[in-house]
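Visitor:
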Amino acid sequence: MKPVSADAWDACARSTDPGTDPSNPFVSHAFLSSLEDSGCVTGAKGWMPLHVLVEDSAGTLLGAAPCYLKSHSMGEYVFDHSWADAYERAGGRYYPKLQASVPFTPVSGPRLLVPDSDKADGVRAHLIGGLDALREQTKASSIHATFLQDKDVQSFEAAGFLLRDDQQFHWFNEDYGSFEDFLAALSSRKRKAIRRERRDALANGITVEWLRGRDITEAHWDAFFSFYMDTGSRKWGRPYLNRGFFSLIGERMADRILLVMAKRAGSYIAGAINFVGDTRLYGRNWGCVEDHPFLHFEVCYYQAIDYAVAHGLDRVEAGAQGEHKLARGYRPVITHSAHEIADPGLREAIAAYLDQERAYMAKAVDELAEAVPFRHTDE
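Read left to right, the sequence shown gives residues 1471 to 1849 (my numbering).
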C-alpha cells in the first residue's frame, strides 16, 4: 500500500452506517497490506494496487478507496467475463479495468472509506472523481465497485454508475440463546435433518476446536494451508492466497480471526477460516484432507452459528453462492455493485442487461425466501 499509517486508514474505514458492521476486517489496513506484502496482490498477478486517497492541505487523510488496476476478471465474484468477451469481439479493449473492492473477498463492506463529518459527502464525491481521473490516466475501460454498502450504492448511483444486484445467503441471529433455540425456530423435518448432519459429521471420532489470537500458531497455519491448497486446487484450479499471507494476518490481526479446526486420531483433517467483526462473523476459506459426510456443513456453517450465538454476533456471512445454505437456516440477501463503462455503446448494452438481471434477481430472492426452513407460527 502507499505509505499511509494504519491508524489513519482504519479511522476512515470504520463504518457508522446503520445496519452495517462498524469494523469490517477486510477493509482494515492489516488485511489489505497483508495481501500486498505477501505478494498475493501485485501487478504481475493482475491486481496492481492504485488506492485513491483524499487528503487536506496538511496531508491529513480524509478518505480512501481501495482500488486495483486489473488485467483479468478473476478473484472478484461479480462476473463480467461475458461483457469483456462481447466488447473484445466487437474490437474493443476491456482490460485494463479498475476494481474498487477487496481482492478475493465476496463480502459487502465500505468501498468509499470516509468517516462521519460535515465534509463526508464532499469527500465521497472527491473519491469517485479520483476513480474517474484514474480510469482516464490508466486508459482503463471501466470502473467496478463491488460488494457495496447502501451508502456507497447511493453515492455511486448519484455519480451515474450502473447498478447491479446479486445474492448471497446469510444467517441472522434472532436473539437465540443457544443452537437449540435456533433449531426450535425451524420446521420439524429440517430440525431433525440438521441434528442428524451434526451427529454424522463427528461420528468417526472427529472433534472440533475454535482457535483465536495467540492460540493460533504457525503449525495451525501449516495445517490450514494444506487444507486450503488441496480444496482450492481441486475446486478452482487456482488458489489465490499463498502461505505467507496467512502468517502475516496471524501476526497483524489474529484477534480478528477464528480458525475452526477438525481433528481425528490426533491430527487436523479439516478447517475453516472466519474473520470476526464487531457484529458479524465472516466465513471465508475451507479445506480438508479427509472426506467425511457433512463435515463441510459442520465446520463452515453450524460451528459458525454456534460461535455467533455464544458471542452475541448479529449475523454470519458465509461467502458467495451456495443454495445448499438455505436448508441450514441461512437466508437469501441481495448484494450490490456499481459499474462505470466508458464506451457509450457498451454502456448502453450493459445497462439494458442489468435492468433485466435486477428484475430476475429480485424475483429469485423472493422465491428463495419462501423456501426458508423456518416453521410456521401454527406448527
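Yeah, the Cβ is synthetic: ideal placement off N, Cα and C, and Gly gets one too.
DSSP three-state label for cysteine 1482, please.
Guide: If you number the sequence shown from 1, residue 1482 lands on position 12. Correct three-state label for cysteine 1482: helix.
Visitor: Would you grab the beta carbon distance between valine 1842 and leucine 1796 for me? Rounded to a whole angstrom, and I think it's under 8 angstroms.
Guide: In the sequence shown, residue 1842 corresponds to position 372, counting from 1. In the sequence shown, residue 1796 corresponds to position 326, counting from 1. About 7 angstroms; that satisfies the 8 angstroms criterion.
Visitor: Just curious, the beta strand (DSSP E) that glutamate 1818 is in, first and last residue?
Guide: Indexing the sequence shown from 1 puts residue 1818 at position 348. Here glutamate 1818 belongs to no beta strand (DSSP E); instead the alpha helix (DSSP H) covers 1814-1840.
Visitor: Valine 1769 and alanine 1732: beta carbons closer than 8 angstroms?
Guide: On the sequence shown, position 299 is the one that residue 1769 refers to. On the sequence shown, position 262 is the one that residue 1732 refers to. Yes, the pair counts as a contact, with Cβ atoms nearer than the cut-off.
Visitor: What is the DSSP secondary structure of proline 1802, counted as helix, strand or coil?
Guide: Sequence index remark: in the sequence shown, residue 1802 carries index 332 (1-based). If DSSP states are grouped into helix, strand and coil, proline 1802 belongs with the strands.
Visitor: Strictly by DSSP, which residues pair up with asparagine 1744?
Guide: For the purposes of this step, residue 1744 is identified with residue 274 of the sequence shown, where counting begins at 1. Its beta-bridge partners are Leu1728 and Gly1753.
Visitor: When DSSP labels each residue in this structure, what does alanine 1673 get in the three-state scheme?
Guide: The count along the sequence shown starts at 1 and reaches residue 1673 at position 203. DSSP places alanine 1673 in coil when its eight states are reduced to three.
Visitor: From alanine 1570 to proline 1473, what does the alpha carbon distance come to, in whole angstroms?
Guide: Within the sequence shown, numbered from 1, the residue matching residue 1570 stands at position 100. Within the sequence shown, numbered from 1, the residue matching residue 1473 stands at position 3. The alpha-carbon atoms of alanine 1570 and proline 1473 are separated by roughly 19 angstroms.
Visitor: Go to isoleucine 1613, then tell me how far its alpha helix (DSSP H) extends in each direction, as first and last residue.
Guide: Working through the sequence shown from its first residue, we reach residue 1613 at position 143. Unbroken run through isoleucine 1613 is the beta strand (DSSP E), 1612-1616; no alpha helix (DSSP H).
Visitor: Do three or more CB pairs link the segment 1810-1819 to the segment 1653-1673 at distances below 8 angstroms?
Guide: In short, these stretches do not touch, since the Cβ pair count stays below three.
Visitor: Any C-beta of chain D sitting closer than 8 angstroms to the C-beta of valine 1842?
Guide: In the structure shown, chain D cannot be found, because there is only a single protein chain.
Visitor: Please classify glutamate 1849 as buried or exposed, where buried requires at least 16 neighbouring CB atoms within 10 angstroms.
Guide: Walking along the sequence shown from the start, residue 1849 turns up at place 379. Caution applies to glutamate 1849, whose pLDDT of 46 falls short of 50 and renders its modelled position unreliable; the value that the coordinates give is listed next. With fewer than 16 Cβ atoms within 10 Å of its Cβ, glutamate 1849 is classed as exposed.
Visitor: Among all the DSSP beta bridges, which residues are the ones paired with valine 1522?
Guide: The residue labelled residue 1522 in the question sits at position 52 within the sequence shown. According to DSSP, valine 1522 bridges with Ala1535.
Visitor: Using the Cα positions of alanine 1693 and tyrosine 1738, report the straight-line distance between them to the nearest angstrom.
Guide: Within the sequence shown, residue 1693 is the residue found at index 223, counting from 1. Within the sequence shown, residue 1738 is the residue found at index 268, counting from 1. The alpha-carbon atoms of alanine 1693 and tyrosine 1738 are separated by roughly 7 angstroms.
Visitor: Could you pull out every residue in the same chain whose Cβ sits closer than 6 angstroms to the Cβ of proline 1763, ignoring the five residues on either side in sequence?
Guide: On the sequence shown, residue 1763 is found 293 positions in, with the first residue counted as 1. Closer than 6 angstroms at the Cβ level, and outside the excluded window around proline 1763, lie Asp1670.
Visitor: Looking only at its chain, what residues have a beta carbon closer than 6 angstroms to the beta carbon of tryptophan 1756, apart from the 5 residues adjacent to it on each side?
Guide: By one-based count along the sequence shown, residue 1756 stands at place 286. Same-chain partners within the cutoff: Ala1742 and Cys1770.
Visitor: Quick one: grab the DSSP three-state call for glycine 1579.
Guide: On the sequence shown, position 109 is the one that residue 1579 refers to. Three-state DSSP puts glycine 1579 in a strand.
Visitor: By DSSP, does glutamine 1637 sit in helix, in strand, or in coil?
Guide: Walking along the sequence shown from the start, residue 1637 turns up at place 167. Strand, per DSSP.
Visitor: Which residue comes first and which comes last in the beta strand (DSSP E) that contains glutamine 1569?
Guide: Numbered from its first residue, the sequence shown carries residue 1569 at position 99. Element bounds for glutamine 1569: 1567-1570.
Visitor: On the three-state DSSP scale, how would you describe valine 1584?
Guide: The residue you call residue 1584 lines up with position 114 of the sequence shown. Three-state result, valine 1584: coil.
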